[in-house]
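Residue numbers (UniProt numbering): 1 to 340.
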């Protein structure tokens, strides 16, 4: 498995003691570093009314990232399609694709990405749109590829080539839809029951109908990984995210200072109940932590098992330096393996 393509999925987390502005500047910096290191894609998540994240409008931040980078592909992971008009989403991404030719990805998701109040504020028809997801994604694909000849509606600008579309999901249902519409598929290993992966990917490949001549089903797997010089250090860095999750659960979605990502030190001193400790251990099992060689080896095994074309990595750390270092060590380990 040579030259495995690696991508970065960022959520623009806000660390304790810092601001949303810092988080967005860090996202831009991470994309630039990702390009320098040879990562193939940089995607931004979409979250609403979640005060620990600064990425509510990925398409705006992507314009800033595109202008500061030259080659790395940039995209949303994912645009939460039930909130928006398919026509407007297509306009946004055709515009990005015109500004940054051959570099733009549009990831599609249908999760709410925030609390019920945010869902209501964004679109009162959200639930209705979720049920009509297949029709709406199909309509969007017609606008992206400009190939729905029943629809005489023009669009300008039109990116040439059009943005690359990916469906993000963890279910047989999303995989079947992606296959039927000839959309690339990204399996969220980091947010799902890993045991479902094979069935979901088999469903995608079985249902795949090419949209254009010679198109093949493309699969990406997204994982959470933390890489450092030692196992212990990698685990310490990962604990920030895990404790953050526990803090948010304790505050039951109420806005508080627990909304931002704690430091490694803060996470170490955090007292857990026995049940929380068990939860943390379980979540740690869903993540990959360790040295570059260890994590690279486990990612290769996962890619082989999934027959994945690409792997995308999500790493939320308190310090941007730790995050950049994690991606650096991982890429080095991959390159070393490829040379041997």
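All C-beta atoms, glycine included, are put in the ideal place defined by N, C-alpha and C.
Look up residue 244 in the DSSP assignment and give the residues it is bridged to.
Beta-bridge partners of residue 244 (DSSP): none assigned.
Under a three-way DSSP split, which group does residue 226 fall into?
strand
Counting only the same chain and skipping the five closest in sequence on each side, list residues whose C-beta sits under 6 Å from that of residue 159.
94, 97 and 98
Can the beta-carbon of residue 223 be found less than 7 Å from the beta-carbon of residue 324?
no
Give the straight-line distance between the Cα atoms of residue 129 and residue 123, rounded to the nearest whole angstrom.
Each residue's Cα considered, the two are about 9 Å apart.
Report the three-state DSSP secondary structure of residue 210 (helix, strand or coil).
Collapsing the DSSP output to three states places residue 210 in coil.
Which listed residue (22, 20 and 70) has its alpha carbon closest to that of residue 38:
70
Give a yes or no on whether the C-beta atoms belonging to residue 8 and residue 42 are separated by under 7 Å.
yes
Enumerated in chain order, which unbroken segments of the alpha helix (DSSP H) with a length of 4 residues or greater are wholly contained in the segment 113–147?
You should have 116–122, 126–131 and 133–145.
Can you list, in chain order, the residues of its chain with a C-beta nearer than 6 Å to that of residue 320? Leave out the 5 residues immediately preceding and following it.
26
Ordered along the chain, which non-local residues of its own chain (more than five positions away) have a Cβ less than 6 Å from that of residue 170?
188 and 192
Assign residue 209 to buried or exposed, taking buried as 16 or more other Cβ atoms, counted over all protein chains shown, within 10 Å of its Cβ.
exposed
To the nearest angstrom, report how far apart residue 213 and residue 79 are at their CA atoms.
For the pair residue 213 and residue 79, the Cα-to-Cα distance works out to about 27 Å.
Identify every residue that forms a DSSP beta bridge with residue 79.
108
Please report the straight-line C-alpha distance between residue 195 and residue 157, rounded to a whole angstrom.
43 Å
Runs of 4 residues minimum, wholly inside the segment 41–82: which ones carry the alpha helix (DSSP H) assignment?
Here the runs fully enclosed are 58–68.
Applying the criterion that 16 or more other CB atoms from any shown protein chain within 10 Å of the CB defines a buried residue, is residue 295 buried or exposed?
Label assigned to residue 295: buried.
For residue 177, which option in 137, 259 and 281 has the closest C-alpha, if you only look at C-alpha atoms?
Among 137, 259 and 281, the Cα nearest to that of residue 177 belongs to 137.
What residue does the beta strand (DSSP E) around residue 7 start on, and which one ends it?
5–10
According to DSSP, simplified to helix, strand and coil, what is residue 270?
Correct three-state label for residue 270: coil.
What residue range does the beta strand (DSSP E) around residue 185 cover?
Boundaries of the beta strand (DSSP E) harbouring residue 185: 184–188, taken from the DSSP string.
How many whole angstroms separate the CB atoms of residue 62 and residue 12, which I take to be in contact at a CB cut-off of 8 Å?
In fact, because the Cβ distance is near 12 Å, the residues do not count as touching under 8 Å.
Restricting to Cα atoms, I'd like to know which of 164, 248 and 54 is closest to residue 24.
54
Could you pull out every residue in the same chain whose Cβ sits closer than 8 Å to the Cβ of residue 52, ignoring the five residues on either side in sequence?
13, 14, 244, 248, 259, 260 and 261
Boundaries of the beta strand (DSSP E) in which residue 192 is found, first to last residue:
It is not in any beta strand (DSSP E) - residue 192 carries neither H nor E in the DSSP assignment.
Let's test the definition: count the other Cβ atoms within 10 Å of the Cβ of residue 3 and tell me whether it reaches 16, buried, or not, exposed.
exposed
Quick check: what's the CA-CA separation for residue 161 versus residue 268?
49 Å
Pair every Cβ in the segment 197–209 with every Cβ in the segment 228–241, then say whether three or more of these pairs are closer than 8 Å.
no
Compute the Euclidean distance between the alpha carbons of residue 36 and residue 29, then round it to the nearest angstrom.
11 Å
In the DSSP assignment, the beta strand (DSSP E) including residue 288 goes from what residue to what residue?
288–290
Going by DSSP in three states, residue 237 sits in which element: helix, strand or coil?
helix
For the beta strand (DSSP E) holding residue 313, just list the boundary residues, first then last.
The continuous beta strand (DSSP E) containing residue 313 extends over residues 310–314.
So residue 169 is in the beta strand (DSSP E); what residue range does that whole segment cover?
164–169 is the extent of the beta strand (DSSP E) around residue 169.
Limits of the unbroken alpha helix (DSSP H) element including residue 34
20–37
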